[in-house]
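Read the structure below first, then the notes.
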Amino acid sequence: MAKNQVTYLELPTEDTAVLKAFYGQVFGWTHQDWGSEYATVHGSGLEIGYNGTEDGRSKAPLPMVETDDIAAAEEQVRAAGGTITVPTFAYPGGRRFHFTDPAGNELAVMQPGA
1 MAKNQVTYLE LPTEDTAVLK AFYGQVFGWT HQDWGSEYAT VHGSGLEIGY
51 NGTEDGRSKA PLPMVETDDI AAAEEQVRAA GGTITVPTFA YPGGRRFHFT
101 DPAGNELAVM QPGA
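Dropping the structure here:
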């Protein structure tokens, strides 16, 4: 995937089982569980995850931009006037951080396998 493109969308939920049942019934999507509070979607076109973790759940859908240099991306967000809301952390897919843009929209930047 080319760098700096939205490659993932995370949907917040308090119950991943509810979203899996809903989207499975509506669109026929299948899912892979990553513990009891996270699931990824198969068959949706864009990669999607359902985040049910209380401490890591966003308030709205969270688009993720893929990069090949997460440290540089974090510096660029700050230099352009964005606010880091969740510092860079490791997760099973790599590393990511969350930020808000000047209008208050929250996005994440992720670097796979890093």
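Using UniProt numbering, the letters of the sequence shown map in sequence onto residues 1 to 114.
For every residue, glycine included, the Cβ atom is placed at its ideal position computed from N, Cα and C.
* Asked: Do the region 74–81 and the region 24–37 make contact, defined as three or more Cβ pairs closer than 8 Å?
  -> no
* Could you check which residue in Thr13, Glu47, Ile70, Ala71 has the C-alpha nearest to that of aspartate 55? => If we check each option's Cα against that of aspartate 55, Thr13 comes out closest.
* Which listed residue (Tyr38, Ala71, Gly82, Glu74) has its alpha carbon closest to that of threonine 53 -> Considering only Tyr38, Ala71, Gly82, Glu74, the residue with the shortest C-alpha distance to threonine 53 is Tyr38.
* Asked: Using the rule of at least 16 other Cβ atoms within 10 Å of the residue's Cβ for burial, across every protein chain shown, is histidine 99 buried or exposed?
  -> According to the sequence as given, residue 99 is phenylalanine; it is not histidine. Under this definition phenylalanine 99 is a buried residue.
* Asked: Between tyrosine 23 and the rest of its own chain, which residues show a CB-CB distance below 6 Å, the 5 nearest in sequence each way excluded?
  -> Trp29
* To do: Could you have a look at alanine 39 and say whether DSSP puts it in helix, strand or coil?
  => strand
* **Helix, strand or coil at arginine 96 [DSSP, three-state]** => Of the three classes helix, strand and coil, the one that applies to arginine 96 here is strand, per DSSP.
* Asked: What residue does the beta strand (DSSP E) around threonine 88 start on, and which one ends it?
  -> 83–91
* Residue interval of the alpha helix (DSSP H) (run including alanine 71) -> 70–79
* What separation, rounded to the nearest whole angstrom, lies between the Cα atoms of alanine 73 and valine 109? -> 7 Å
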